[in-house]
């Protein structure tokens, strides 16, 4: 059975969904990702779904669940690259992913993760003075 | 209608076809329905002669109105009314073209009447039949118009929802006119599409030009804002007039999770700050 690769980049985990999600794949990803977070002690998770063309209520809920689980495991989660059709579908399904941060591109997602973690004092990196901590999603 | 009443008509159409056609053409040229500027007489004659053939076939077949020969006749009528409408004939002129066949048929029926007692019934049958055909052409024309109106409405829908770029990473969507479900759908799609294209971080939805906001419209707005947020863009709603603010509160619509500003200028200022731009006068102190 195929799995979605989870890449480690420094203190972040990067998941890019390049294939059509089906239910078992989503369940496998959920298990793999939570395992990897505890294993690596990752502080942030970035899930890129720019290649995802279609979602149903199950996949939508899985994305929300995965994000919440990562949050409970103390890793900030950013979902990036959601396609308009996917966004409209999720809204129509009533899944507005509360508590999940979103960004348009992977690059911005990374920047958002960094700024969130920097604001929480988790990351010692030179600050480049932006205020994206106030972006998308409710406060922690 | 009983066959006895149209059998005389069938006879006339069969035996006096040439005479009817000629008289019809003469009437056409004399009457107001003739438009030599739109269609040459030869073409009119072609149409008339085909129509007579089909009519003769339909009446002579003895089939009910759903028969294949009637259907062929109806199809032909539809095709001429469509082509005539395209050529610039008014529906009245097209109907008059069909109706003007009455006079020659009337004369011929009268000439050939074997039993004067039957004549009124035969004439009545003929009249209702031709009226029916003329109405048919009008119905087809109207249908074509309706389709055209629907298409234009669709085009207007797309035209009326421009998404403009205000700054790097800032889009604005000035909405004008009444919002309904179909329109908000288009608005939502075009906004999200543009967010992807331009990589915008902030989108401003300006509803200054929206006369009324009801629960449905508010819900659509919230959906659009949520969808944009899911894609990673912030939405600001601006141009909320006092009455609309009052309506929204009275309706119990919850806009607490949505940034709202009174004017587009305020929203733009907020958007600039969100994207990290500072705004200030050249001499004064910066206050973005």
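Residue numbers (my numbering), protein chains in the order written: chain C, -14 to 125; chain S, 522 to 809.
From the three backbone atoms N, C-alpha and C, an ideal C-beta is built for every residue, glycine too.
Computed from a predicted structure; not experimentally measured.
For residue i, collect the residues of the same chain with a Cβ closer than 6 angstroms to its Cβ; drop the 5 residues on either side in sequence, then sort them by chain order.
| i | result |
| --- | --- |
| residue 82 (chain C) | 49 |
| residue 694 (chain S) | 684, 712 and 726 |
| residue 615 (chain S) | 602, 605 and 658 |
In whole angstroms, what separates the C-alpha of residue i from that of residue j?
| i | j | result |
| --- | --- | --- |
| residue 75 (chain C) | residue 560 (chain S) | 56 angstroms |
| residue 4 (chain C) | residue 37 (chain C) | 7 angstroms |
| residue 759 (chain S) | residue 781 (chain S) | 6 angstroms |
| residue 65 (chain C) | residue 762 (chain S) | 35 angstroms |
| residue 47 (chain C) | residue 96 (chain C) | 24 angstroms |
| residue 677 (chain S) | residue 700 (chain S) | 13 angstroms |
| residue 582 (chain S) | residue 647 (chain S) | 15 angstroms |
| residue 580 (chain S) | residue 545 (chain S) | 18 angstroms |
| residue 775 (chain S) | residue 757 (chain S) | 15 angstroms |
| residue 41 (chain C) | residue -10 (chain C) | 22 angstroms |
| residue 818 (chain S) | residue 657 (chain S) | Coverage of chain S is limited to positions 522 through 809, which leaves residue 818 (chain S) absent and any answer about it impossible. |
| residue 591 (chain S) | residue 585 (chain S) | 8 angstroms |
| residue 706 (chain S) | residue 69 (chain C) | 12 angstroms |
| residue 663 (chain S) | residue 778 (chain S) | 48 angstroms |
| residue -7 (chain C) | residue 667 (chain S) | 60 angstroms |
For residue i, I'd like the list of residues in its chain whose CB is within less than 8 angstroms of its CB, leaving aside the five on either flank, ordered along the chain.
| i | result |
| --- | --- |
| residue 691 (chain S) | 721, 722, 723, 724, 725, 789, 792, 793 and 796 |
| residue 18 (chain C) | -9, -2, 0, 30, 51, 54 and 55 |
| residue 709 (chain S) | 741, 744, 745 and 748 |
Exposed or buried, which one is residue i when buried takes at least 16 other CB atoms within 10 Å?
| i | result |
| --- | --- |
| residue 589 (chain S) | exposed |
| residue -1 (chain C) | buried |
| residue 669 (chain S) | exposed |
| residue 735 (chain S) | exposed |
| residue 715 (chain S) | buried |
| residue 621 (chain S) | buried |
| residue 843 (chain S) | Absent from the structure is residue 843 (chain S), since the part of chain S shown begins at 522 and ends at 809. |
| residue 717 (chain S) | buried |
| residue 732 (chain S) | exposed |
| residue 625 (chain S) | buried |
| residue 784 (chain S) | exposed |
| residue 755 (chain S) | buried |
| residue 533 (chain S) | buried |
| residue 610 (chain S) | buried |
| residue -5 (chain C) | exposed |
| residue 638 (chain S) | exposed |
Ignore the nearest five residues each way along the sequence and tell me which others in residue i's own chain have a CB closer than 7 angstroms to its CB.
| i | result |
| --- | --- |
| residue 115 (chain C) | With a pLDDT of 44 at residue 115 (chain C), under the threshold of 50, the modelled position of that residue is not reliable, and the figure given next carries that caveat. Closer than 7 angstroms at the Cβ level, and outside the excluded window around residue 115 (chain C), lie 100. |
| residue 525 (chain S) | Note that residue 525 (chain S) scores a pLDDT of 48, beneath 50, so its modelled location is shaky; the value from the coordinates is reported in the next line. So no residue of the chain qualifies. |
| residue 537 (chain S) | 629 |
| residue 1 (chain C) | 33 |
| residue 627 (chain S) | 644 |
| residue 608 (chain S) | 559 and 560 |
| residue 593 (chain S) | 575 |
| residue 90 (chain C) | 65 and 66 |
| residue 595 (chain S) | 657 |
Given a cut-off of 8 angstroms on the beta-carbon distance, is the pair residue i and residue j in contact?
| i | j | result |
| --- | --- | --- |
| residue 31 (chain C) | residue 98 (chain C) | yes |
| residue 10 (chain C) | residue -13 (chain C) | yes |
| residue 603 (chain S) | residue 565 (chain S) | no |
| residue 72 (chain C) | residue 752 (chain S) | yes |
| residue 598 (chain S) | residue 654 (chain S) | yes |
| residue 651 (chain S) | residue 613 (chain S) | no |
| residue 568 (chain S) | residue 601 (chain S) | yes |
| residue 22 (chain C) | residue 58 (chain C) | yes |
| residue 542 (chain S) | residue 570 (chain S) | yes |
| residue 206 (chain C) | residue 78 (chain C) | Residue 206 (chain C) lies beyond the stretch modelled for chain C, which goes from -14 to 125, so this question has no answer here. |
Every unbroken alpha helix (DSSP H) within the segment 523 to 581 of chain S, with a cutoff of 4 residues, ordered by chain: 524 to 536 and 538 to 551
Near-chain D residues of the segment 751 to 775 of chain S (beta-carbon distance less than 9 angstroms), N- to C-terminal order: Here the protein chains are C and S, and chain D is not one of them.
Minimum length 3: unbroken beta strand (DSSP E) runs contained in the segment 629 to 706 of chain S: 685 to 688 and 691 to 697, all fully within the segment 629 to 706 of chain S.
Uninterrupted alpha helix (DSSP H) stretches inside the segment 28 to 65 of chain C (no shorter than 4 residues): Under the rule that a run must span 4 or more residues, the alpha helix (DSSP H) segments found entirely inside the segment 28 to 65 of chain C read 42 to 57.
4 or more residues per run - each alpha helix (DSSP H) lying fully within the segment 698 to 766 of chain S: Taken in chain order, the whole alpha helix (DSSP H) runs of length 4 or more contained in the segment 698 to 766 of chain S are 702 to 719 and 736 to 751.
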